[in-house]
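Numbering (the working numbering), first residue to last: 331 to 625. Heads up, the beta-carbon is just placed ideally off N, CA and C, and yes, glycines get one too. Since the model is a prediction, treat every value here as computed from it, not as a measurement. A quick write-up on the structure given underneath.
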Ligand SMILES: Nc1nc2c(ncn2[C@@H]2O[C@H](COP(=O)(O)OP(=O)(O)OP(=O)(O)O)[C@@H](O)[C@H]2O)c(=O)[nH]1
Ligand SMILES: [Mg+2]
């Protein structure tokens with residue numbers, strides 16, 4: 331598919347065609363970057379969705395929280411997009427469908443669009459695809475984009491650089507790991523959620539996180555919430571914080587921020603280099619082939 335086809339899909343998607351939007355995202359995932367970036371509206375959106383990044387260790391309850399947030403944000407008549415940058419996401423496995431969350435309701439809802447991004451692509455490719463897709467959600471009139479990413483590898487965390495706000499989800503058992511938690515994660519968080527607070531140790535972890543926030547040089551207004559996402563407890567405040575931050579409306583300014591654009595550029599360049607690298611490696615079959623690399 332050419333850039334012309336991408337633009338045609340974008341026009342249809344913008345006019346509200348959900349199928350075209352799905353195809354556009356797939357196209358963005360696979361198209362040469364030059365073509366993908368050739369859709370002017372992707373680079374110059376007239377409006378921007380509020381991007382809320384949700385990260386944390388595997389199994390912390392991120393998807394459960396996302397599902398709850400979809401419910402509460404839809405109740406406010408907001409159009410909600412979800413990008414799950416997570417190879418093992420229940421969104422793909424459908425595990426969540428069997429849960430009490432009745433996630434399936436949202437599939438029939440035109441105000442919600444969910445896309446999982448597996449690790450199918452190369453390392454850099456994952457975040458470059460996520461960045462392009464996030465731009466598509468901006469351009470196609472979504473109000474909120476929830477980005478779920480497991481907080482382990484650097485690639486998964488890269489996408490948080492272009493979020494407007496970031497929520498780090500931990501569980502009482504994470505206690506020991508707060509000290510060891512990537513310093514970067516600590517700095518990037520606008521809100522911490524101690525989920526699975528039905529288990530012992532939640533209050534202690536809240537204290538520990540609060541203490542480490544105040545130890546930080548720049549004491550920011552970071553909130554620490556306790557939730558039981560599986561029972562929909564404690565999430566009202568998280569919804570409130572999202573709506574509050576969204577109402578401040580710094581999204582378009584964030585999109586124009588050179589620091590964020592450079593993070594995006596880094597991911598795009600990395601994706602391009604990785605694919606060039608793969609092509610070259612595929613041609614190496616014997617020792618003498620090493621010499622051909624530099625011809
Ligand atoms: N006890 C308890 N279980 C919960 C809570 N929230 C979620 N769970 C359960 O924890 C399990 C993992 O939840 P997910 O929402 O899939 O967690 P995740 O962080 O998205 O997991 P990955 O995407 O695989 O990293 C599921 O069985 C949930 O039902 C909670 O507050 N308390
Ligand atoms: Mg998940």
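(request) Might you give, ordered along the chain, the residues of its own chain that have their beta carbon closer than 7 Å to the beta carbon of residue 350, omitting 5 neighbours on each side? (result) For residue 350, where only same-chain residues beyond five positions count, the Cβ hits under 7 Å are 339, 342 and 343.
(request) Indicate, with yes or no, if ligand 1 has a heavy atom lying under 8 Å from the CB of residue 525. (result) Result yes, Cβ under 8 Å from ligand 1.
(request) Please go through the region 508-582 and give each complete alpha helix (DSSP H) segment of 4 or more residues, from N-terminal end onward. (result) DSSP runs (the alpha helix (DSSP H)) wholly in the region 508-582: 513-518, 532-545 and 566-578.
(message) Is there a Cβ of chain B sitting closer than 9 Å to that of residue 349, yes or no?
(response) No chain B is part of this structure, which consists of one protein chain only.
(request) Closer than 7 Å by C-beta to residue 492: which residues in its own chain qualify, once you throw out the five before and the five after it? Chain order, please. (result) Excluding sequence neighbours, residue 492 sits near 381, 461, 464, 590, 593 and 594.
(request) Just tell me which of 458, 369 and 414 has its CA closest to the CA of residue 443. (result) If you compare the alpha carbons of 458, 369 and 414 with that of residue 443, the shortest gap goes to 414.
(message) Can you tell me whether residue 480 sits near ligand 2, meaning its C-beta is under 8 Å from at least one heavy atom of the ligand?
(response) Yes; taking the cut-off as 8 Å, the Cβ of residue 480 has a heavy atom of ligand 2 nearer than that.
(message) Does residue 334 pass the burial test, meaning 16 or more other C-beta atoms within 10 Å, or should it be called exposed?
(response) Exposed is the label assigned to residue 334, since fewer than 16 other Cβ atoms lie within 10 Å of its Cβ.
(message) What does the alpha-carbon distance come out to for the pair residue 387 and residue 559?
(response) Taking the straight line joining both Cα atoms gives about 15 Å.
(request) Would you check if the region 563-575 and the region 384-400 touch, i.e. whether three or more CB-CB distances between them fall below 8 Å? (result) Touching, yes.
(message) On the DSSP letters alone, give me the boundaries of the beta strand (DSSP E) that residue 478 sits inside.
(response) Note, residue 478: beta strand (DSSP E), 474-480.
(request) Go ahead and pull the three-state DSSP assignment for residue 495. (result) It is a strand residue.
(message) Between the alpha carbons of residue 502 and residue 530, how many angstroms are there, rounded?
(response) Cα to Cα, residue 502 sits roughly 7 Å from residue 530.
(message) Going by C-alpha to C-alpha distance, which of 456, 466, 458 and 411 sits closest to residue 441?
(response) Minimum Cα distance to residue 441 is reached at 411.
(request) Count the other CB atoms, across all protein chains shown, that sit within 10 Å of the CB of residue 406; report buried if there are 16 or more and exposed otherwise. (result) Exposed, because fewer than 16 other Cβ atoms sit within 10 Å of the Cβ of residue 406.
(message) If you reduce the DSSP assignment to three classes, tell me which class residue 348 lands in.
(response) Under the three-state reduction of DSSP, residue 348 is assigned to helix.
(request) Compute the Euclidean distance between the alpha carbons of residue 602 and residue 551, then round it to the nearest angstrom. (result) If I take the Cα positions, the gap works out to 38 Å.
(message) What does the Cβ neighbour count give for residue 525, buried or exposed, with the cut at 16 atoms within 10 Å?
(response) Per the 10 Å Cβ criterion, buried.
(message) Using C-beta distances below 7 Å, list every residue in its chain close to residue 466, excluding the 5 sequence neighbours before and after it, in chain order.
(response) Close CB contacts of residue 466 within its chain, under the 7 Å cut and outside five residues either way in sequence, are with 354, 355, 358 and 372 (chain order).
(request) Please name the residue or residues paired with residue 384 in a DSSP beta bridge. (result) Note: residue 384 is bridge-paired with 478 and 497 in the DSSP secondary-structure output.
(request) Take residue 385 and list the residues in its own chain whose beta-carbon comes closer than 8 Å to its own, dropping the five residues that flank it on each side. (result) Contacts found: 392, 478, 479, 480, 481, 486, 487, 490, 496, 497, 498, 499 and 515.
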